[in-house]
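Heads up: the sequence shown runs through residues 1 to 448, numbered per full-length UniProt numbering.
A short write-up of the structure that comes next.
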Amino acid sequence: MEVYSKSKPMDINGQRTKVTWKIEVLSDVHSKSMDVNGQVTKVTWRIENFSTIQDEELCSENFTVDGNKWRFLIFPKGSTVDHLSIYLGVADSSTLPAGWSRYAHFGFAVIDQFDRELSITGVTTHVFNVNGADWGFPSFLPLTELRNPKSGYLVNDACLVEAYVFTDRTIGFISHELIVKTDSDKLKTKECDCVKAAMDNQRTTSTKAVEITNPSPTPPYCQIMAIEPEEPTEEDMNTFFTSLESKLWSSNTNFSREEAKEALAKVEKALNMTPVNFYDSGKLSPLKHAFKILASFDCSSSTLTIEQKKELLAMEESLKELADRAAKALQNKNILTEKESIKLTITHKLDRNVIRYKEVESEVKQVEKRLAALHVQVEEAQKERENMLAEGKEIFKSSKEMKMELEALEMQWAEYEAMAKVAEEEESIVLAEWGRIKDFISSIKGKI
1 MEVYSKSKPM DINGQRTKVT WKIEVLSDVH SKSMDVNGQV TKVTWRIENF STIQDEELCS
61 ENFTVDGNKW RFLIFPKGST VDHLSIYLGV ADSSTLPAGW SRYAHFGFAV IDQFDRELSI
121 TGVTTHVFNV NGADWGFPSF LPLTELRNPK SGYLVNDACL VEAYVFTDRT IGFISHELIV
181 KTDSDKLKTK ECDCVKAAMD NQRTTSTKAV EITNPSPTPP YCQIMAIEPE EPTEEDMNTF
241 FTSLESKLWS SNTNFSREEA KEALAKVEKA LNMTPVNFYD SGKLSPLKHA FKILASFDCS
301 SSTLTIEQKK ELLAMEESLK ELADRAAKAL QNKNILTEKE SIKLTITHKL DRNVIRYKEV
361 ESEVKQVEKR LAALHVQVEE AQKERENMLA EGKEIFKSSK EMKMELEALE MQWAEYEAMA
421 KVAEEEESIV LAEWGRIKDF ISSIKGKI
């Protein structure tokens, strides 16, 4: 079991209120009703000077479960009703990306510091998202019951609140039984005696909680939760609480008719709820106490038989079992609903992928056609290029021959010029002789 613990003062409505903060990872936690094993993160928040707090909301420090940050919020005077309100929240919701979601199976408990099994608990599951980053119980515990000096929810004006968080969707075994049976604080026997002494004192002489800053004169080891006790064995704890339960039942506590009527009303109210709502309400502890009152109530005009008392006690166990079974069944139905939603989402994505694939396939064919047309153009251009290169070669060949011819002419050019000069002179001589002959013929024409 991993444990992180610290204590610090908190400034609440101008007063320095001591807050004890502890985070534990409970390994190999076993739930008989679920028949599973697993890990649960347990957070303990002990707030002193509780009745003097004027703040509407108390926010815990952040704690991490499976890499995700959480916190829980307490409304000492209730969020909207005259009940203590408790919520679990996603601590870093403002920094998460769009479309985020986070699942949690969680439970809260306001611990009865006289009898842990009478603690008020509430268990539920929720998928947190951008539309709901906080979820919990607005009507967790009536303020009148919280402040009742006969209850153990405020001892020396200190309130002990626990949260249990589990994020595995496949199973969910946080329950009232798990919470009340999992007491990792494990106070020694002499500390439990101090609790009993405080209970007797508070139930008989006190109607006002005593602040922790002014404790009654008791030995140092009676400062509950303020010492580091030795780790008792599981056998020691089982023996102690079995003995304590036997002693309490053998005390023959007499309950009034009003208390019996109130207990009966609580039982009827619980039975008017659905098993799942009863499981989520965390009313098992007071209901267990109500069954004990009914089984112990004795009046000459309405004495219950032994069989009826046994049946009452058995009914309490049956209700607890039925509520656990209903919660498990609902969880399995919710898992199916979640899986159906996931299946539907995947199916829609696959449909879109098929449509897009067909579009891509058509686009590829169009590109291939354009490539084929371009290929024909490339071939034609290649042929044109080859023809032009062939023509160029012919031009080059003829030009080279003409150049050679030109160079040959240039080499004989002086000779051709000399021949031309001689020819000009010869032409002059020929013309002169030609003229002389013409003139001679003309001269003899008149004589003939």
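Note that beta-carbon positions come from the ideal geometry of N, C-alpha and C, so glycine has one too.
Remember, predicted model here, so these are calculated numbers, not experimental data.
Practice problem: Would you check if there are 3 or more beta carbon pairs closer than 8 Å linking the segment 94–104 to the segment 148–160? | Solution: The segment 94–104 vs the segment 148–160: no contact.
Quiz item: From this set, Ala381, Lys369 and Ile111, which residue's C-alpha is nearest Tyr164's C-alpha?
Solution: Walking along the sequence shown from the start, residue 164 turns up at place 164. It is Ile111 whose Cα lies nearest to the Cα of Tyr164.
Quiz item: Would you say Asp351 reaches chain B, if we count a Cβ-Cβ gap shorter than 9 Å as a contact?
Solution: Absence of chain B from the displayed structure is noted, only one protein chain being present.
Quiz item: What's the call for Val422, buried or exposed, on a 16-neighbour Cβ count within 10 Å?
Solution: The residue you call residue 422 lines up with position 422 of the sequence shown. Exposed, because fewer than 16 other Cβ atoms sit within 10 Å of the Cβ of Val422.
Quiz item: Is it right to say Ala270 is buried, meaning 16 or more other beta carbons lie within 10 angstroms of its own, or is it exposed?
Solution: As a first step, residue 270 is located in the sequence shown; it is residue number 270 there, counting from the start. With 16 or more neighbouring CB atoms inside 10 Å of its own CB, Ala270 falls in the buried class.
Quiz item: Just checking my contact of Phe140 with Ser85 at CB under 8 Å: how many whole Å lie between their CB atoms?
Solution: Taking the first residue of the sequence shown as position 1, residue 140 is located at position 140. Taking the first residue of the sequence shown as position 1, residue 85 is located at position 85. Indeed they touch by this definition, with Cβ atoms about 6 Å apart.
Self-check item: Ser79, DSSP secondary structure in three states
Solution: On the sequence shown, position 79 is the one that residue 79 refers to. Coil at Ser79, not helix or strand.
Quiz prompt | Pick from His126, Val43, Asp236 and Asp66 that is closest to Phe72, judged by C-alpha positions | solution = The residue you call residue 72 lines up with position 72 of the sequence shown. Taking each of His126, Val43, Asp236 and Asp66 in turn and checking the Cα distance to Phe72, the smallest one comes out for Val43.
Exercise. Could you please give the first and the last residue of the uninterrupted beta strand (DSSP E) stretch that includes Leu141?
Key: The count along the sequence shown starts at 1 and reaches residue 141 at position 141. Segment Asp134 to Pro142, the beta strand (DSSP E) holding Leu141.
Quiz item: Counting Cβ pairs closer than 8 Å, one from the segment 311–326 and one from the segment 80–95, do we hit at least three?
Solution: The count of Cβ pairs closer than 8 Å, one atom from the segment 311–326 and one from the segment 80–95, stays below three, leaving the stretches out of contact.
Quiz item: Hey, would you say the C-beta of Asp55 is under 8 Å away from at least one heavy atom of the ligand MN?
Solution: The ligand MN is not among the ligands present in this structure, which contains no ligands whatsoever.
Quiz item: Which residue from Gln366, Thr52, Arg46 and Pro138 puts its Cα closest to that of Glu61?
Solution: Within the sequence shown, numbered from 1, the residue matching residue 61 stands at position 61. For Glu61, the nearest C-alpha among the options comes from Arg46.
Self-check item: Extent of the continuous beta strand (DSSP E) run through Leu160
Solution: Here residue 160 refers to the residue found at position 160 when the sequence shown is read from its first residue. That run of the beta strand (DSSP E) goes Cys159 to Phe166.
Quiz prompt | Member of Val81, Glu268, His126 and Val430 whose CA lies at the smallest distance from the CA of Glu338 | solution = Taking the sequence shown and counting its residues from 1, one reaches residue 338 at position 338. The shortest C-alpha separation from Glu338 is found at His126.
Practice problem: Please classify Asp439: is it buried, with 16 or more other beta-carbons within 10 angstroms of its beta-carbon, or exposed? | Solution: Within the sequence shown, residue 439 is the residue found at index 439, counting from 1. Exposed is the call here.
Quiz item: DSSP beta-bridge partners for His105?
Solution: Locating residue 105 in the sequence shown gives position 105, counting from the first residue. Note: His105 sits in a beta bridge opposite Thr125 and Phe166.
Quiz prompt | Close beta carbons around Asp40, own chain, < 6 Å, minus the five adjacent residues each side | solution = If you number the sequence shown from 1, residue 40 lands on position 40. In the sequence on display, residue 40 carries Val and not Asp. Excluding positions up to five away in sequence, the list reads Leu26, Val29, Tyr164 and Phe166.
Quiz item: Buried or exposed: Gln113, going by 16 or more other Cβ atoms within 10 Å of its Cβ?
Solution: Counted from its first residue, the sequence shown places residue 113 at position 113. Result: buried.
Quiz item: At which residues does the beta strand (DSSP E) containing Phe63 begin and terminate?
Solution: To locate residue 63, count along the sequence shown from 1; it is residue 63. Here the beta strand (DSSP E) through Phe63 covers Phe63 to Val65.
Self-check item: Per-residue burial, Gln331 [other beta carbons within 10 Å of its own, 16 or more giving buried]
Solution: In the sequence shown, counting from the first residue as 1, residue 331 sits at position 331. Label assigned to Gln331: buried.
Practice problem: Report the three-state DSSP secondary structure of Asn68 (helix, strand or coil). | Solution: Numbered from 1 along the sequence shown, position 68 holds the residue referred to as residue 68. In this structure, Asn68 counts as strand in the three-state DSSP scheme.
Quiz item: Does the Cβ-Cβ distance between Pro275 and Arg352 come in under 9 Å?
Solution: To locate residue 275, count along the sequence shown from 1; it is residue 275. To locate residue 352, count along the sequence shown from 1; it is residue 352. In this structure, Arg352 does not lie closer than 9 Å to Pro275 by Cβ.
Quiz item: When DSSP labels each residue in this structure, what does Gln366 get in the three-state scheme?
Solution: Taking the sequence shown and counting its residues from 1, one reaches residue 366 at position 366. It is helical.
Quiz prompt | Beta-carbon separation (whole angstroms), Val123 vs Ser175, contact threshold 8 Å | solution = What you label residue 123 is simply residue 123 of the sequence shown in a count that begins at 1. What you label residue 175 is simply residue 175 of the sequence shown in a count that begins at 1. Contact holds; Cβ gap of about 6 Å.
Quiz item: By DSSP, does Thr239 sit in helix, in strand, or in coil?
Solution: One-based indexing of the sequence shown puts residue 239 at position 239. Here Thr239 sits in helix by DSSP.
Quiz prompt | DSSP beta-bridge partners of Ile86 | solution = As a first step, residue 86 is located in the sequence shown; it is residue number 86 there, counting from the start. Looking at the DSSP assignment, Ile86 forms a beta bridge with Ile74 and Phe137.
Quiz item: Can you tell me the Cα-Cα spacing of Gly132 and Ser94, whole angstroms?
Solution: Taking the first residue of the sequence shown as position 1, residue 132 is located at position 132. Taking the first residue of the sequence shown as position 1, residue 94 is located at position 94. The straight-line gap from Cα to Cα measures roughly 12 Å.
Self-check item: Sheet register partners of Arg46 (DSSP bridge)
Solution: Locating residue 46 in the sequence shown gives position 46, counting from the first residue. In DSSP, Arg46 forms a bridge with Thr20 and Leu160.
Exercise. Report the rounded CA-to-CA distance for Ser256 versus Glu262, giving the unit in angstroms.
Key: Stepping through the sequence shown from its first residue, residue 256 is reached at position 256. Stepping through the sequence shown from its first residue, residue 262 is reached at position 262. Taking the straight line from one Cα to the other gives about 10 Å.
Exercise. With DSSP as the reference, label Leu154 as helix, strand or coil.
Key: For the purposes of this step, residue 154 is taken as residue 154 along the sequence shown, with counting starting at 1. Leu154: coil per DSSP, three-state reduction.
Quiz item: Exposed or buried, what is Ala327 when buried is set at 16 or more other beta-carbons lying within 10 Å of its beta-carbon?
Solution: By 1-based counting over the sequence shown, the position of residue 327 is 327. Answer is buried; the Cβ neighbour count reaches 16.
Self-check item: Option in Phe75, Phe63 and Glu231 with minimal Cα separation from Gln54
Solution: Along the sequence shown, read from residue 1 onward, the residue named residue 54 stands at position 54. For Gln54, the closest C-alpha among the options Phe75, Phe63 and Glu231 is that of Phe75.
Quiz item: Can the beta-carbon of Gly136 be found closer than 9 Å to that of Phe108?
Solution: Your numbering for residue 136 matches position 136 in the sequence shown. Your numbering for residue 108 matches position 108 in the sequence shown. Yes, Cβ-Cβ distance for Gly136 and Phe108 is below 9 Å.
Quiz item: If you draw a straight line from the alpha carbon of Glu426 to that of Leu409, how long is it in whole angstroms?
Solution: Within the sequence shown, the letter at position 426 stands for residue 426. Within the sequence shown, the letter at position 409 stands for residue 409. C-alpha separation (whole angstroms): 24 Å.
Quiz item: Just the Cα atoms here: how many angstroms apart are Ile23 and Asn148?
Solution: Indexing the sequence shown from 1 puts residue 23 at position 23. Indexing the sequence shown from 1 puts residue 148 at position 148. So the two alpha carbons sit approximately 29 Å from each other.
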